[in-house]
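Notes follow once the structure below has been shown.
Residue numbers (the numbering used here), protein chains in the order written: chain R, 16 to 495; chain H, 122 to 474.
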């Protein structure tokens, strides 16, 4: 099959193959479309026909379109190699000469000179999706106007506007300047793409040279193509990661946005004249709606959280626990304190002290129970205790006034305070059962002591042992 | 020695074969049905605006006590994790006994333009986490964030550590300013305020174009030349087209969320530098106290491994595991190697915690 004799006429074989190929295509597709091939680029015509067949296919047409574009470039590469080989007498292709030829963009049938000069720029241009394409079309529509202005100089666009249509004129001037800036930015971008393209050839040369060793030589067009792709990507990455590219890329994007923005403003102006709703108006509506929804959602969540964030459940659980503790303590034979919290039994006389303790405990309990949202305010409680101590030696009236003032102030600050103030007024080191948790902890301690048979329930009524009890106990132990 | 030894006859044969494949492709493509995706049955659990929370149904009841919620990126559709029967992260996780949920963000339109990262993270993700936790009567769930969804998950875990038992970050960018991060490099010259003020939402076409330009020759040309090789194979073509559909099935990006993401993450690199606020809540990776599994792809051109690796030094937990997958950003879900390695690694890691 393979004939590598130098004297073989490859040009004739090539022509024959092209004819064969085209015949096969027309046979295959004659029922689909009757298009006369361009004899110079039969490969392309086949692809075009293939593309046309899928033009109305819809679901697969995107893939077909992308395939077309890529396959065409790939076939160009194949054809360039064949053409080059046929001109060189049919021998193996010389890499250096082939690359030089590509770089020089000789007149290759069917090959877009842009592809040879700047394949990356061409590729990026072809990549544009619908969203991008529409803008490109728009920009290209304005190109003749911009070019004319550039010939005349852009200085007049910066001239001040005046008269009745001053604002309109200013707007058009801005829009045209934005177009001009965008074109300039694209020019800079294309220059960098050209740089990447040139660099890709340099890298490809290096990569090809590395394959000179026997066994590593490139023996297919596909392998050569893959190698060129690697080189092109490497070159592109070098450029794309440079500081210069970052600036140029940013300039292109920003310039394009300025043009779009100016055009949107113009469309809006026309829309207003025609009584049409505008983008700005719709945006405002969306924004307000969005803000309202956020507020509504936040409000709903706040409401729900107030009822369901676990505080209710926690309080219920604590109440249940308190009830359990009460039952436990009331069943205990040595439970003078907590028994006071239980309903009094008829006919049973009690000592005064337990009754006072019961009331104080109840006050603290009710205060915490009735103010679930307000956290215990130690700052507020503290001054109460201090004030009472300070006024202990004062005249009666002064003490009464102080108590009134404190009660009034505490009532304003928190509902916890009056109870605390009242209990503080007993001049007794009352336990600071400022929350359910503390109350329960105190009760647990209480039960624990009772179980251990401790007699000092008086000192440990609700909370911690007194400051003196522990050292005294140690002292007693050491003496004994 | 001449490095190119392409015999002309061989080149001609190659050209003929190429065209024969193309001719066969005519028949293959025209006889193909619309490709479908999604291999695993799922039920809708919760819906809010365009978001839908799904629970996947496996062949057996899940054995895992703690459910796993997947938060995907906004920039592509989440069915990548359940693309087809033999390429499904979800299916494999279910087979291993995990209970898998997924957030589908939907397709934002202009009415969603003002959605912010606060809405996405403190709103949508939080409510989805709460819904899942409530269904399972647990206080904490496992969260698996992918790509941009991984960055969201990091923020969420930092703000609500009490809601997350274990955190898995897949191909998640953390340090956005590494020298090989092309996407980040480009966005830093952009005036993102002008960009969003002009565009509103960011069109999907523009996003796709941007991604393709990261590797223009490979992604726009070489891939389709490779496609010719499989044009005569219907199954392979279905796989190719399914992937193609996913790649270009991109939702528009809600403008305000995009603005903040570019400003705070790409430009400000605030996950590393600090100072990131999501709504009124501050994000510090040091607050991430739960166990973390970080999975990244060694050949990832969108989120280079160098962008993911720094997570280890930035989080508050000492229980950190790292898995470097041999593959790319997409191969980590759909390649054969991924099916063998990734779900098993996730399941095993979770089972140990």
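Glycine residues also receive a C-beta, built at the ideal position from the N, C-alpha and C atoms.
Could you work out which residues of chain H lie near residue 88 of chain R, taking near to mean beta carbons separated by less than 9 Å?
Per Cβ cutoff of 9 Å: 342 and 346.
Count the CB pairs spanning the region 451 to 468 of chain H and the region 385 to 404 of chain H that are closer than 8 Å, and state whether there are at least three.
No: fewer than three Cβ pairs fall under 8 Å.
Would residue 453 of chain H and residue 214 of chain H be called neighbours here (beta carbons separated by less than 8 Å)?
The answer is no: Cβ separation not under 8 Å.
Run through the region 390 to 460 of chain H for me and flag every whole alpha helix (DSSP H) of 4 or more residues, listed as ranges in chain order.
The qualifying runs are 391 to 394, 426 to 429, 432 to 435 and 452 to 455.
Taking all protein chains shown into account, decide if residue 306 of chain H is buried (16 or more other Cβ within 10 angstroms of its Cβ) or exposed.
Counting other Cβ atoms within 10 Å of its Cβ, residue 306 of chain H reaches 16 or more and is therefore classed as buried.
Applying the 10 Å Cβ sphere with the 16-neighbour rule, what's the burial state of residue 464 of chain H?
Looking at its Cβ environment, which holds 16 or more other Cβ atoms inside 10 Å, residue 464 of chain H is buried.
Output the distance between the C-alpha atoms of residue 273 of chain R and residue 315 of chain H, rounded to the nearest integer angstrom.
If I take the Cα positions, the gap works out to 8 Å.
Interface residues of chain H around residue 190 of chain R at Cβ under 8 Å?
For residue 190 of chain R, no chain H residue has a Cβ inside 8 Å of its Cβ, as the nearest lies near 13 Å away.
For residue 234 of chain H, which residues in chain R fall below 9 Å Cβ to Cβ?
Residues of chain R with a Cβ closer than 9 Å to the Cβ of residue 234 of chain H are, in chain order, 298, 301, 302 and 305.
Buried or exposed for residue 321 of chain H, please, with buried defined as at least 16 other CB atoms from any protein chain shown within 10 angstroms of its CB.
Per the 10 Å Cβ criterion, buried.
Boundaries of the alpha helix (DSSP H) in which residue 334 of chain R is found, first to last residue:
Here the alpha helix (DSSP H) through residue 334 of chain R covers 326 to 346.
If contacts are defined as beta-carbon pairs under 8 Å, then residue 233 of chain H and residue 173 of chain H qualify, I think. What distance do you get, rounded to the angstrom?
In fact, because the Cβ distance is near 14 Å, the residues do not count as touching under 8 Å.
Nearest-angstrom Cβ-Cβ length linking residue 428 of chain H and residue 297 of chain H, presumed shorter than 8 Å
About 6 Å separates the beta carbon of residue 428 of chain H from that of residue 297 of chain H, a gap short enough to meet the 8 Å contact definition.
Unbroken alpha helix (DSSP H) runs of length 4 or more, entirely within the region 282 to 360 of chain H: which are they?
If we require 4 residues or more, the alpha helix (DSSP H) runs fully inside the region 282 to 360 of chain H come out as 303 to 308, 313 to 320, 325 to 333 and 344 to 350.
Suppose the cutoff is 7 Å on Cβ atoms and the five residues either side in sequence are ignored; what does the same chain contact list for residue 371 of chain H look like?
Excluding sequence neighbours, residue 371 of chain H sits near 196, 197, 325, 328 and 329.
Spatial distance of residue 310 of chain H from residue 390 of chain H (CA atoms)
When rounded, the separation of the alpha-carbon atoms in residue 310 of chain H and residue 390 of chain H is 14 Å.
Presumed contact (8 Å Cβ cut-off) between residue 139 of chain H and residue 192 of chain H, rounded CB distance:
Between residue 139 of chain H and residue 192 of chain H a beta carbon distance of about 43 Å is seen, past the 8 Å cut, so the two are scored as non-contacting.
Helix, strand or coil: which one does DSSP assign to residue 174 of chain R?
For residue 174 of chain R, the secondary structure class from DSSP, reduced to helix, strand or coil, is coil.
For residue 311 of chain R, does the three-state DSSP call read helix, strand or coil?
In the structure shown, residue 311 of chain R adopts helical secondary structure according to DSSP, grouped into three states.
The ligand PLP and residue 423 of chain H: does any heavy atom of the ligand fall closer than 7 Å to the residue's C-beta?
No copy of the ligand PLP appears in this structure; indeed no ligand is present at all.
So which residues of chain R does residue 505 of chain H contact, with C-beta pairs closer than 7 Å?
Only positions 122 to 474 of chain H appear in this structure, which leaves residue 505 of chain H out of reach.
If we define contact as Cβ-Cβ less than 8 Å, is residue 272 of chain R a contact residue for chain H?
Chain H contact via Cβ: present.
If contacts are defined as beta-carbon pairs under 8 Å, then residue 189 of chain H and residue 220 of chain H qualify, I think. What distance do you get, rounded to the angstrom?
Between residue 189 of chain H and residue 220 of chain H the beta-carbon gap is near 6 Å, inside 8 Å, which marks them as a contact.
Excluding five sequence neighbours on each side, which residues of the same chain lie with their C-beta closer than 6 Å to the C-beta of residue 376 of chain H?
234, 317, 321 and 322.
By how many angstroms is the C-alpha of residue 326 of chain R removed from the C-alpha of residue 342 of chain R?
Taking the straight line joining both Cα atoms gives about 24 Å.
Since residue 204 of chain R is in the alpha helix (DSSP H), which residue starts that stretch and which ends it?
That run of the alpha helix (DSSP H) goes 181 to 224.
Straight-line Cα distance separating residue 237 of chain H from residue 294 of chain H:
Taking the CA atoms as reference points, residue 294 of chain H sits about 19 Å from residue 237 of chain H.
Have a look at R:188, R:320, R:452 and R:85 and flag the residue whose alpha-carbon is nearest the alpha-carbon of residue 334 of chain R.
When C-alpha distances from residue 334 of chain R are compared across R:188, R:320, R:452 and R:85, the shortest belongs to R:452.
Give the residues of chain R in contact with residue 470 of chain H, contact being defined as C-beta atoms less than 8 Å apart.
Here the premise fails: no neighbours, minimum Cβ distance about 31 Å.
Listed by chain order, chain H residues near residue 264 of chain R by CB distance under 7 Å
Contact note: residue 264 of chain R reaches chain H through 307 and 310, using a C-beta cutoff of 7 Å and chain order.
Neighbour-count burial assignment, residue 254 of chain R, 16 or more Cβ in a 10 Å radius
Around the Cβ of residue 254 of chain R, a 10 Å sphere holds 16 or more other Cβ atoms; the residue is buried.
Span of the alpha helix (DSSP H) holding residue 269 of chain H?
Judged by DSSP secondary structure, residue 269 of chain H falls within the alpha helix (DSSP H) whose first and last residues are 269 to 280.
Since residue 177 of chain H is in the beta strand (DSSP E), which residue starts that stretch and which ends it?
Taken as a continuous stretch (DSSP letters only), the beta strand (DSSP E) holding residue 177 of chain H covers 172 to 177.
Under 7 Å between beta-carbons, which chain H residues line up against residue 204 of chain R? List them in chain order, please.
Ordered by position in chain H, no residue passes the 7 Å Cβ test against residue 204 of chain R, which lies about 11 Å from the chain.
Which first and last residues belong to the alpha helix (DSSP H) in which residue 240 of chain R is found?
Annotation: the continuous alpha helix (DSSP H) that includes residue 240 of chain R extends over 236 to 255.
Is residue 346 of chain R buried or exposed, if buried means 16 or more other CB atoms sit within 10 Å of its CB?
Exposed is the label assigned to residue 346 of chain R, since fewer than 16 other Cβ atoms lie within 10 Å of its Cβ.
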